[in-house]
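Below: one structure, written as structure tokens.
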Amino acid sequence: MSTALARARQLLDPSRLPDGIDDSRGYLDLLGPPETAASSTLWFMQNPVFALVYERAWRPVFTRLFSLGGTSTKKFDTRLVAHLGRAGERTVLDVACGPGNYTRRLSERLTGEGLCIGLDFSIPMLTRAVADNSGERVAYIRGDARRLPFDDNSIDTVCCLAALYLIPEPHEVIDELARVVAPGGEVAIFTSVHTPLTRSRVVTKIANVGGYHVFGRNEVTDRLRNAGLVDVEQTITGLAQYVTARKSD
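Position 231, counted from 1, in the sequence shown is what our numbering calls 231; the numbers after and before it change by one each time, with no gaps.
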């Protein structure tokens, strides 16, 4: 087991773990055999071919669509990731990390015992993450974003970037992000938001069929405030929203 993986294992809450943890694939597997995908989108996420092209082709195109063909989303995304991955000896959790591109980037300037943990449910995605986006301060866990395997108030920086709209019961994920972040720590979310375009009947029907959740303008921010977070800020760019918040010291 790598040093980073061993450190990640030490952060896990024993009461939230299964009897056995498989680390033979280079990540900690807390889920066992995969369940049947609840939507077509989640089926794609568990497809090895899609996992291979996701970060190299699909995500850049999808980000451009969020910007309605422009670059505003990409520019804000770059600034946010630079902030979240700033230098320091911190623990960072990248929830629904996919093939780990964000995870690796968030780890690159960490120092000392700093560690970035990527968590996802998809075996193909995590296989790509271990192969393509490993690092000295990177560890991956196969787990459920709706039931994060960490103690309350245990992670310095928690983020869910370009994924929350695909997860069933996304409000549970927001609550979990708020639960595990440490006092003084930050939460960051990049996800969808309702606009006049996304409210159209055709787009709504396509989203419902694919299991894609389009969030109301105040849906994410209100949930974070209700969870006790402060300094909640929202930036809307194109069809996307970036929300940041902090847990009081």
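Quick reminder that beta carbons are idealized off the backbone N, C-alpha and C, glycines included.
Between residue 187 and residue 224, the CB-CB gap stays under 8 angstroms. Assigned with DSSP and collapsed to three states, residue 77 falls in helix. Going by DSSP, residue 236 is part of the beta strand (DSSP E) stretching over 230-237. When the Cα atoms are used, residue 97 and residue 119 turn out to be separated by approximately 6 angstroms. Taking the C-beta atoms as reference points, residue 162 is found nearer than 8 angstroms to residue 190. Counting C-beta atoms within 10 angstroms of its own C-beta, residue 230 has fewer than 16 neighbours from the protein chains shown and is therefore classed as exposed. Residue pairing for residue 88: DSSP places it in a beta bridge opposite 110. Counting only residues of its own chain and dropping the five nearest sequence neighbours on each side, residue 143 has a CB closer than 6 angstroms to the CB of 30, 119, 149.
Comparing C-alpha distances from residue 87 to each of 234, 108, 134 shows the shortest one belongs to 108. In the DSSP assignment, residue 176 falls within the alpha helix (DSSP H) that extends over 170-180. The beta carbons of residue 105 and residue 81 sit about 6 angstroms from each other, so the pair counts as a contact at 8 angstroms. A distance below 7 angstroms between beta-carbons, with the five flanking residues on each side excluded, links residue 249 to the following residues of its chain, in chain order: 183, 184.
In this structure, the straight-line span from the alpha carbon of residue 11 to that of residue 151 is close to 8 angstroms.
Cβ contact annotation for residue 93 (same chain, cutoff 6 angstroms, sequence separation greater than five): 117, 155, 158, in chain order. Inter-residue distance for residue 146 and residue 16 is about 12 angstroms (C-alpha atoms, whole angstroms). DSSP, read as helix, strand or coil, puts residue 94 in strand.
Apart from sequence neighbours up to five positions away, the residues of its chain that approach residue 89 with a beta-carbon distance below 8 angstroms are 110, 111, 112, 113, 114, ordered along the chain. The beta carbon of residue 21 lies closer than 8 angstroms to those of 9, 28, 29, 30 in the same chain, with the five residues before and after it left out. Assigned with DSSP and collapsed to three states, residue 244 falls in strand. If you draw a straight line from the Cα of residue 168 to the Cα of residue 213, it is about 9 angstroms long.
Residues of the same chain with a CB within less than 6 angstroms of the CB of residue 233, apart from the 5 flanking positions on each side, are 244 in chain order.
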